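Notes follow the structure.
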Ligand code: ACM
Ligand code: ZN
């Protein structure tokens, strides 16, 4: 061996030695029982290993390719980890990932993973998340989040915790595309900042649709530039039902409370970064008193009206015989579509009493002119007209199951709330359906009996019943099952005075629903879910969530 050859051999051994040292510094043997694998919703497939990878401030996030969307996901991960770790991990592109890295890899040829699936692989050298679409990488990151010690959720630097990830392989994708929740700022307003927290929580559990019930008899909560009176007079009410005694008014003026268009845009953008679609709900033809307070000429009787101070349903609804009503709601929907890029626009459509329409000369004239049978067909006329308008703008109408009455426009979708009959009928006719029956999805119902529970609207929906829910009704033939887009938990706002109420009624039931809509049916197991949720109680404590504890003890 000449001098050069000897130098080459020494260099080779040095590089190899350094590699082995760096490799070994990340290999920590561990027993399988210690591995903290408590993922909700349960992934499709997990293969466990018996070692761990430990993140530290030198861990690098590698994005492949280095496109805007993958870099944004890298930054999201780095931003999330930074407070608790006390270090912002570098995000960079590299063709040859070294050890101690988290690789986010977008690979459109992994088609079997679908639009939201991902592969997650952790070895002692690091983590690789692969997906065909950015949403899949995002969900892989949520899985990583849940595999890290719960203190990673802290927004302050945490000392003395090793940021370990169990080594394993996961392949995962959702069972349903609509994994929804509904919040109701019309009855009790919800601040923008709190909505952002709620969206983050939804993302943690891979929920992806947040319906905002923005208008009702008790309030109008969204700025419409063309009609400022909507929020000037529609966002204030004289009083509300008294907590603990709903038949009595509390004597306290409520409002003005509404979202400005800038705030809505901020909420929508924040949610989009977390792969949550905000679905706006603008109620029509019923639940529309707040609009009629500002514009009484849009009702059948002409008013005058006051914002409703009791919960329940108002008999005064939009006049279906007045063309000005269609102009008005279309103007509103035009601004709404400008703020919300969602494919679906929810137009409510529930609980529209027909008393006024039965007596209104304009409504009766419309029935005559259009050759309609009755006021149910008049509601159908109303909905079809709005459906046509939304479709002309490239959007799709969705509404509560009453919109089926009198016939439904072909592209419209139905949210089945009065049980599952509406959903079965709609899917049977070829409409897409989101299941949200009161029996399993009304999260404003009490989750336990007894005096310890906060005041609720009525009803009883324990966690186990939510977990047991199967969104696809047996009655549907195989070719109609595909119309069930998923399910949604509704947290109606009458008794949600504060974010603490919202969280108590939402969690853990939203976790159970997340598993209903994500996990393959054959992998669902209640006792296993409850065991995993116990671990999540600690995570939710660190985040600061007022969930209902499994043992029923108040926090
Ligand atoms: C509803 O609960 N009225 C949809
Ligand atoms: Zn009328």
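In the numbering used here, the protein residues as written are 49 to 603. Glycine included, each C-beta is placed from N, C-alpha and C at the ideal position. Please read all numbers here as calculations on a predicted model, not as lab measurements.
I need the straight-line Cα distance from residue i to residue j, nearest angstrom please.
i, j, result
"residue 310", "residue 499", "42 Å"
"residue 66", "residue 317", "Bear in mind that a pLDDT of 41 at residue 66, under 50, signals an unreliable position, so the model cannot answer this."
"residue 127", "residue 136", "7 Å"
"residue 208", "residue 177", "27 Å"
"residue 612", "residue 414", "The structure shown has nothing for residue 612, since the chain only spans 49 to 603."
"residue 564", "residue 88", "11 Å"
"residue 348", "residue 454", "21 Å"
"residue 357", "residue 185", "46 Å"
"residue 556", "residue 518", "18 Å"
"residue 133", "residue 150", "15 Å"
"residue 408", "residue 364", "11 Å"
"residue 595", "residue 419", "53 Å"
"residue 183", "residue 229", "18 Å"
"residue 73", "residue 93", "The pLDDT assigned to residue 73 is 39, lower than 50, so where the model puts this residue is not dependable; a value taken from the coordinates is nonetheless given after this. For residue 73 and residue 93, the distance between alpha carbons rounds to 29 Å."
"residue 138", "residue 384", "39 Å"
"residue 69", "residue 102", "Only weak support exists for where residue 69 lies, its pLDDT of 40 falling under 50; the value from the coordinates is given anyway. Using only the alpha carbons, I get a separation of about 15 Å."
"residue 601", "residue 343", "48 Å"
"residue 589", "residue 130", "19 Å"
"residue 390", "residue 99", "43 Å"
"residue 24", "residue 460", "Nothing in the structure corresponds to residue 24, since the chain is present only between 49 and 603."
"residue 289", "residue 329", "23 Å"
"residue 451", "residue 437", "16 Å"
"residue 593", "residue 582", "14 Å"
"residue 77", "residue 190", "The pLDDT assigned to residue 77 is 47, lower than 50, so where the model puts this residue is not dependable; a value taken from the coordinates is nonetheless given after this. C-alpha separation (whole angstroms): 25 Å."
"residue 549", "residue 599", "18 Å"
"residue 276", "residue 325", "26 Å"
"residue 433", "residue 392", "16 Å"
"residue 566", "residue 301", "42 Å"
From which residue to which residue does the alpha helix (DSSP H) around residue i run?
i, result
"residue 328", "Careful: residue 328 lies outside any alpha helix (DSSP H), inside the beta strand (DSSP E) at 325-332."
"residue 259", "From DSSP, residue 259 is part of no alpha helix (DSSP H) but of the beta strand (DSSP E) over 257-261."
"residue 527", "526-529"
"residue 552", "547-554"
"residue 166", "No alpha helix (DSSP H) holds residue 166; the beta strand (DSSP E) holding it covers 166-171."
"residue 474", "469-476"
"residue 284", "Taken as a continuous stretch (DSSP letters only), residue 284 belongs to no alpha helix (DSSP H), as it is neither H nor E."
"residue 107", "Neither: residue 107 is in no alpha helix (DSSP H) and is coded neither H nor E."
"residue 382", "371-387"
"residue 191", "182-195"
Across which residues does DSSP place residue i in a beta bridge pair?
i, result
"residue 535", "227 and 483"
"residue 353", "Answer is none; residue 353 lacks a bridge partner."
"residue 246", "According to DSSP, residue 246 bridges with nothing at all."
"residue 209", "According to DSSP, residue 209 bridges with nothing at all."
"residue 444", "392"
"residue 463", "448 and 482"
"residue 310", "Beta-bridge pairing links residue 310 to no other residue."
"residue 20", "Outside the shown range of the chain, which is 49 to 603, sits residue 20, and nothing can be said about it."
"residue 268", "263"
"residue 220", "166"
Is the closest heavy atom of the ligand ZN to the C-beta of residue i under 6 Å?
i, result
"residue 410", "yes"
"residue 369", "yes"
"residue 348", "yes"
With hydrogens ignored, establish whether the beta-carbon of residue i is closer than 6 Å to any heavy atom of the ligand ACM.
i, result
"residue 399", "yes"
"residue 268", "no"
"residue 359", "no"
"residue 448", "yes"
"residue 143", "no"
"residue 226", "no"
"residue 405", "no"
"residue 545", "no"
Where does the unbroken beta strand (DSSP E) through residue i begin, and where does it stop?
i, result
"residue 614", "Any answer about residue 614 is impossible in this case: the structure gives the chain only from 49 up to 603."
"residue 296", "293-297"
"residue 154", "149-154"
"residue 116", "Unbroken run through residue 116 is the alpha helix (DSSP H), 116-133; no beta strand (DSSP E)."
"residue 140", "138-140"
"residue 177", "174-179"
Compute every distance between the C-beta of residue i and the non-hydrogen atoms of the ligand MN, then say whether any falls below 6 Å.
i, result
"residue 465", "In the structure on display, the ligand MN does not appear, and the ligands it does have are the ligand ACM and the ligand ZN."
Q.
Check whether the region 220-228 and the region 252-270 are in contact - that is, three or more C-beta pairs closer than 8 Å.
A. yes
Q) Hey, is the region 475-491 in contact with the region 506-516, meaning 3+ C-beta pairs nearer than 8 Å? A) yes
Q.
Three Cβ pairs or more, each shorter than 8 Å: is that satisfied between the region 525-543 and the region 572-584?
A. no
Q | Cβ contact check for the region 436-446 and the region 405-424: 3 or more pairs under 8 Å | A | no
(Q) Below 8 Å, how does it come out for the region 393-401 and the region 318-338: are there three or more Cβ pairs, yes or no? (A) yes
Q.
Assess contact between the region 152-165 and the region 100-113, defined as three or more Cβ pairs (one per stretch) separated by less than 8 Å. Is contact present?
A. yes
Q) Between the region 263-277 and the region 230-239, do at least 3 Cβ pairs fall closer than 8 Å? A) yes
Q. So, do the region 275-286 and the region 240-253 have three or more beta carbon pairs nearer to each other than 8 Å?
A. no
Q | Segment contact flag, the region 196-208 with the region 160-171, C-beta cutoff 8 Å, min 3 pairs | A | no
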